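K.L.:
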Amino acid sequence: MSINFSSQSTASRRRIWSTVVIISIICLLYLAVQVAYMSLVPINRAHDEWDHIAKNLVTGRGYASSWPKTYIRTTILGLNDYHFPLVPTATRVPVPVLYFALMFHLFGISDQSLLIGQGIVGVLTCALLFIIALEVFGDRRVAIMASLVWVFYVPQLWMSNSRYSEPLTTFLLACLTYVLIVALRTRSVWRFGLAGVLWGLGVLARPTLMVLPLFLSPCLFIILRRQLRFAALACIITVLGGALIISPWVYRNYRIFDAPVISTLGGRNLFRDHYFIDRDDYLNFRGTFEVDIAAKEMFDRRFGSVAAVEMADNSQLLVDRVYWEEAIIKIRRYPGRYVLLSLIRILRLWFNVGYGTAPSWRSYLILIGHLALAGLVVRALVSYRGDWVGRMAPVFAVVVQQTLTYMAIACEFRYSIPLTPYPLLIGCYTLVRIFEADHSTLVNRMTAYWTTAFGQAGKWKDG
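If you count by numbering that gives the first Met the number 0, then the sequence shown holds residues 0 to 462, one letter each, in order.
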């Protein structure tokens, strides 16, 4: 028996070429939808300081910020005539800042430059989502469906039309999960090292990823339980790869603040939700204005005047620690309320409800869509389990770790957007399997019907 290797090679090249064409078409569609959305909807005016620091970096002022150290708006501080100095900062981690600075350097300092950057990572994420679907499920239908749904997923369009870091975080998480999936399949040490590098970049884009190895390591030991030495080596290499990326930033902050910190904004985030935990309406989400007023009162109480904190030299780390202390005091006094509030944050993170106000019609649409998605994920895990579950294990570790971290600290719905592609993949796989089952049932019924009909016709003819 002879094997025609030439025909096999030709078929393989054709399949690769057709996959590239499909990905290209989907990416072009993404760009078209993104441009149409941006032309119809103005850029989200919310600032998260990323672009402010990036502008200072591009103009030669260094990695610095002139925002208030307490993160309280100037109108509430009562320092309208005070000129806030430009000082080194660690409120924002460097990867999004450096990316925005690159866009400013290439295309000029403007909102349009940021939108170009958001569009670039959006296209790359769309292509990666297709590739991840092929790697996990080996089914083009799942890959095409998931990519197309992501193209028209309005929350990601909204994020891509903003100054937020979520689009870049989504891309980095997609890179990390893909490399982890391939590393597990190939049992490749260097790929785990690359995964560590991507984890480090992820931490420097979203510090909540810092504890990911605590969730990923047990996952690797379970999957590689017959290769425990390799599992241990994979964990060590991953952590070392991440440490290599994170350590220069930590060292820079140690030189400036005399403390090895990744960010000086974590205390503010914890304070936002938990300083009000002693109130009757503690389950309500607190807007920035209300948090700023409470923060000013707290600093006035502790230091006599918030102005003294703002005007002090190198007080950014002090501000962060004060926020942490005040939040922890309240949490220790009301542990039961903290647990309940943490559970409510799941609704905020994944379903955009639970804020204490009546949801808008957009929130209801998100709620319905994500409930349907959750149902499809459960259906897949119950009815369509297979090898894909093992391949998705690193993804499950990432999603669970991020969800639990946001439950513990603070969250908004936009924080879930970098995680949404993975339930989306499973949901699309479920829909394909359901369609296959229904289609097969329909074909079988039609075959049985026509077989019976022809059989009866034959009997009548014989009669």
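Ideal Cβ placement from N, Cα and C applies to all residues, glycine included.
Because the structure is a prediction, the values reported are computed rather than measured.
How is the alpha helix (DSSP H) around residue 181 delimited, first residue to last?
P.N.:
165-185
K.L.:
My parser needs the alpha helix (DSSP H) runs of 4 or more residues fully inside the region 22-100; what are they?
P.N.:
49-57 and 73-76
K.L.:
Am I right that residue 406 and residue 359 are in contact with their C-beta atoms under 8 Å? What's the rounded C-beta distance?
P.N.:
Actually they do not touch by this definition, with Cβ atoms about 24 Å apart.
K.L.:
Quick test of your reading: residue 389 and residue 222, contact by CB under 8 Å. State the CB separation rounded to the nearest angstrom.
P.N.:
Rounded, the Cβ-Cβ distance is 6 Å, consistent with contact.
K.L.:
Could you give the DSSP three-state label for residue 260: helix, strand or coil?
P.N.:
coil
K.L.:
Which word fits residue 51, buried or exposed, when buried means at least 16 other C-beta atoms lie within 10 angstroms of its C-beta?
P.N.:
Counting Cβ neighbours within 10 Å, residue 51 comes out buried, since at least 16 surround it.
K.L.:
In the DSSP assignment, find the unbroken alpha helix (DSSP H) run with residue 111 in it and report its ends.
P.N.:
110-136
K.L.:
Please check the pair residue 29 and residue 122, which I expect to be a contact at CB under 8 Å, by giving their CB distance rounded to whole angstroms.
P.N.:
At roughly 6 Å, the Cβ-Cβ gap stays under 8 Å, so residue 29 and residue 122 are in contact.
K.L.:
Here's the rule: buried if 16 or more other CB atoms are within 10 angstroms of the residue's CB, otherwise exposed. What is residue 416?
P.N.:
With 16 or more Cβ atoms within 10 Å of its Cβ, residue 416 is classed as buried.
K.L.:
What first and last residue would you give for the alpha helix (DSSP H) that runs through residue 335?
P.N.:
334-350
K.L.:
Confirm, please, whether the CB-CB distance from residue 131 to residue 74 is below 8 Å.
P.N.:
no
K.L.:
Would you say residue 265 and residue 199 are within 8 Å of each other, going by their C-beta atoms?
P.N.:
no
K.L.:
According to the neighbour-count rule (16 or more other Cβ atoms, all chains shown, within 10 Å of its Cβ), is residue 453 buried or exposed?
P.N.:
The pLDDT assigned to residue 453 is 46, lower than 50, so where the model puts this residue is not dependable; a value taken from the coordinates is nonetheless given after this. With fewer than 16 other Cβ atoms within 10 Å, it is exposed.
K.L.:
Cα-Cα, which of 427, 220 and 290 is closest to residue 374?
P.N.:
427
K.L.:
Under 8 Å, do residue 218 and residue 31 count as touching if we go by C-beta distance?
P.N.:
Cβ distance not < 8 Å, so residue 218 and residue 31 don't count as in contact.
K.L.:
With 16 other CB atoms within 10 Å as the buried threshold, where does residue 246 fall?
P.N.:
exposed
K.L.:
Buried or exposed: residue 141, going by 16 or more other Cβ atoms within 10 Å of its Cβ?
P.N.:
buried
K.L.:
Which whole-angstrom value is the C-beta distance of residue 160 and residue 114, which I expect to be below 8 Å?
P.N.:
7 Å
K.L.:
Quick one: what's got a C-beta closer than 8 Å to residue 258's C-beta in the same chain, skipping five residues either side?
P.N.:
252 and 316
K.L.:
Would you call the region 318-335 and the region 105-112 in contact, with 3 or more CB pairs under 8 Å?
P.N.:
no
K.L.:
So residue 87 packs on residue 61, CB below 8 Å; how close in whole Å?
P.N.:
7 Å
K.L.:
What are the boundary residues of the alpha helix (DSSP H) that includes residue 272?
P.N.:
265-273
K.L.:
Quick check: what's the CA-CA separation for residue 13 versus residue 23?
P.N.:
Approximately 15 Å between the Cα atoms of the pair.
K.L.:
Are the CB atoms of residue 267 and residue 322 within a distance shorter than 8 Å?
P.N.:
yes
K.L.:
Just confirm the distance between the C-beta atoms of residue 197 and residue 174, as a whole number of angstroms; I'd bet it's less than 8 Å.
P.N.:
Right, their Cβ atoms sit about 5 Å apart.
K.L.:
Just verifying my parser: in three-state terms, what is the DSSP assignment at residue 417?
P.N.:
coil
K.L.:
Just checking my contact of residue 182 with residue 191 at CB under 8 Å: how many whole Å lie between their CB atoms?
P.N.:
5 Å
K.L.:
Under a three-way DSSP split, which group does residue 203 fall into?
P.N.:
Residue 203: coil per DSSP, three-state reduction.
K.L.:
Are residue 205 and residue 409 close, meaning C-beta to C-beta below 8 Å?
P.N.:
no
K.L.:
State the Cα-Cα distance for the pair residue 163 and residue 111, rounded to the nearest angstrom.
P.N.:
14 Å
K.L.:
Please identify the residue among 78, 96 and 370 whose C-alpha is closest to the C-alpha of residue 55.
P.N.:
96
K.L.:
In chain order, what residues of the same chain have a beta carbon less than 7 Å from the beta carbon of residue 9, not counting five sequence neighbours either side?
P.N.:
So the list is empty, once near-sequence residues are dropped.
K.L.:
In this structure, does DSSP put residue 281 in helix, strand or coil?
P.N.:
DSSP places residue 281 in coil when its eight states are reduced to three.
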